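Colleague: Have a look at this one.
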Amino acid sequence: MTSLPACLRLARTEQVGPRTWRKLVDKYGSAAEALEALPYLPVRGRNQPVIPPMDVVMREIDATLQMGGCFLTLFDADYPAFLRQIPDAPPVLSVLGDVSCLSRAGVSIVGARNASAQGMRLAESLATELVEAGLTVISGLARGIDKAAHKGALHRQGCTIAAIAGGLDRPYPPENASLQAEIAQKGAVVTEAPLGTAPLARHFPRRNRLIAGLGLGCVVVEAAPHSGTLITARMVVDYGRELFAVPGSPLDPRCRGSNNLLRNGAILTESVADILPHLPPVIPQSAGSTVSLPSISAPRQKKSVSPPQTGLPFVSEPPERAFFASPQNVDEKEPIALKPHFSAASTAQDVRENLLSLLSFTPIAVDDLIRRCQFSASAVLVALTELELSGCVSTYSGGMVGLADNQAETAG
6 MTSLPACLRL ARTEQVGPRT WRKLVDKYGS AAEALEALPY LPVRGRNQPV
56 IPPMDVVMRE IDATLQMGGC FLTLFDADYP AFLRQIPDAP PVLSVLGDVS
106 CLSRAGVSIV GARNASAQGM RLAESLATEL VEAGLTVISG LARGIDKAAH
156 KGALHRQGCT IAAIAGGLDR PYPPENASLQ AEIAQKGAVV TEAPLGTAPL
206 ARHFPRRNRL IAGLGLGCVV VEAAPHSGTL ITARMVVDYG RELFAVPGSP
256 LDPRCRGSNN LLRNGAILTE SVADILPHLP PVIPQSAGST VSLPSISAPR
306 QKKSVSPPQT GLPFVSEPPE RAFFASPQNV DEKEPIALKP HFSAASTAQD
356 VRENLLSLLS FTPIAVDDLI RRCQFSASAV LVALTELELS GCVSTYSGGM
406 VGLADNQAET AG
């Protein structure tokens, strides 16, 4: 058995990614032996690998344990059974919460950060139905669809897993810090990153492979062309897992990527009844148990779904390079510009813009729309009246509202 410090030092070494980590351990028999041999291996013109000092790794271990977290390596029996199957399985995971959740049968739900209110409502509903069926819900704790999926699972006291891009001590986005804490109490939060790692944009594709690898399948709810969600969808296909997609209005650019997945063979999904018949015959496991799976070297089942054309490069691992540097070398800049969090002092223009981002061409009840935003009912009603007068919003019988047809030209 290889010690945790040795596994972690090798995983945190520059130029050693998940595949290289496994090759080195297989060749030398342990992470400790691989670390001793690493400085003497040819690097073909590149800089010599920089192995983090033992004291740096021990500080990371101590700090993680002090905050109630733990580590799982590929040598541990509690390492997530489904994730172990993928060819670029992370050699070391940091976990907050119930590690047994990670090996239970589950389904991922992912989608747009700037999701419509209808999309978030459907994601919540699907998550609730999945946990009621005994499955775990997996997502990435982002704004929009991810957040809705986690909340839908927690609504029925179900198990949910949040795979994050930064360190366990760096909740992102900041407004989801309380949700991350709740998930850590009732499910599990998992990452490859050391403590202190900021969730930079380049980290999210690696986070996405955790989402794809932990589940039996993945449901896409709203995804624009060239979005990061489609990278996750491609990983799902490459790992031989089931890919599901919720159909959306062709007028809504947030649905064009997910609709394209359906054209390429993803399973059309409107409720949990469309998901369960397509999952492998695996019985959801009770707490503390694991699932019997083929060895990692077994050939993956070929899927009929064509990999989605994202327009973005799909990189399963940076060539011979560790994904995370030592914590003291982490870049602290914010990863991406996202929609700001609105406060009570927001202007009328803020209210209108927020409502337009939540609305789609599928009508939604005004009461549901009010629950999805951070504004008072009176502010929402005033803004909807203004948007209707300007021709941006259409009203329907039964207290329903949606984007006007003329918004299709400006939405793209």
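Quick note, in the numbering used here, the sequence shown goes up one by one and the last residue is 417. Even for Gly, the Cβ is constructed at its ideal location relative to N, Cα and C. As the structure is a prediction and not an experimental result, all values here were calculated from the model.
For R357, count neighbouring C-beta atoms within 10 Å of its own C-beta (all shown protein chains included) and say buried if the count is 16 or more, exposed if not.
Modeller: Classification for R357: buried.
Colleague: For the beta strand (DSSP E) holding E187, just list the boundary residues, first then last.
Modeller: Element bounds for E187: not the beta strand (DSSP E) but the alpha helix (DSSP H), 182–191.
Colleague: Three or more C-beta pairs under 8 Å: does that hold for the region 162–173 against the region 98–113?
Modeller: These segments touch.
Colleague: With DSSP as the reference, identify every bridge partner of A168, one or two as the case may be.
Modeller: V195, per the DSSP bridge assignment.
Colleague: What are the start and end residues of the alpha helix (DSSP H) that includes L248?
Modeller: It is not in any alpha helix (DSSP H) - L248 instead sits in the beta strand (DSSP E) that spans 247–250.
Colleague: Please give me, in chain order, every unbroken run of the alpha helix (DSSP H) with length at least 4 that falls completely inside the region 104–148.
Modeller: You should have 122–137.
Colleague: Would the region 215–228 and the region 244–257 be scored as touching if the rule is three or more Cβ pairs under 8 Å?
Modeller: These segments touch.
Colleague: Looking only at its own chain, which residues have a Cβ that is under 7 Å from the Cβ of A182, when we skip the five neighbours before and after it?
Modeller: The answer, listed in chain order, is P176.
Colleague: Around the C-beta of V398, are 16 or more other C-beta atoms found within 10 angstroms, so that it is buried, or is it exposed?
Modeller: That one is buried.
Colleague: Following the continuous beta strand (DSSP E) through A76, name the residue where it begins and the one where it ends.
Modeller: Residue 76 is actually Phe in this sequence, not Ala. Taken as a continuous stretch (DSSP letters only), the beta strand (DSSP E) holding F76 covers 74–78.
Colleague: Between the alpha carbons of L256 and T69, how many angstroms are there, rounded?
Modeller: In a straight line, the C-alpha of L256 is about 47 Å away from that of T69.
Colleague: Within 10 angstroms of its Cβ, does T237 collect 16 or more other Cβ (buried), or is it exposed?
Modeller: By the neighbour-count rule (16 or more Cβ atoms within 10 Å), T237 is buried.
Colleague: Can you tell me whether A42 is buried or exposed? The criterion is at least 16 other CB atoms within 10 Å of its CB, across all chains shown.
Modeller: Exposed: under 16 other Cβ atoms inside 10 Å.
Colleague: Is S263 helix, strand or coil when you go by DSSP?
Modeller: Three-state result, S263: helix.
Colleague: Does the distance from the CB of L131 to the CB of I114 come in under 8 Å?
Modeller: It is a contact, given that the beta carbons lie within the stated cut-off.
Colleague: Taking Cβ to Cβ, would you say F26 is nearer than 8 Å to P85?
Modeller: For clarity, residue 26 is Trp in the given sequence; the question names Phe instead. Contact flag unset, no.
Colleague: Counting along the chain, where does the alpha helix (DSSP H) carrying C12 start and finish?
Modeller: That run of the alpha helix (DSSP H) goes 9–16.
Colleague: Pull up the distance between the alpha-carbon of E391 and that of L361, whole angstroms please.
Modeller: Rounded to whole angstroms, E391 to L361 spans 12 Å at the Cα level.
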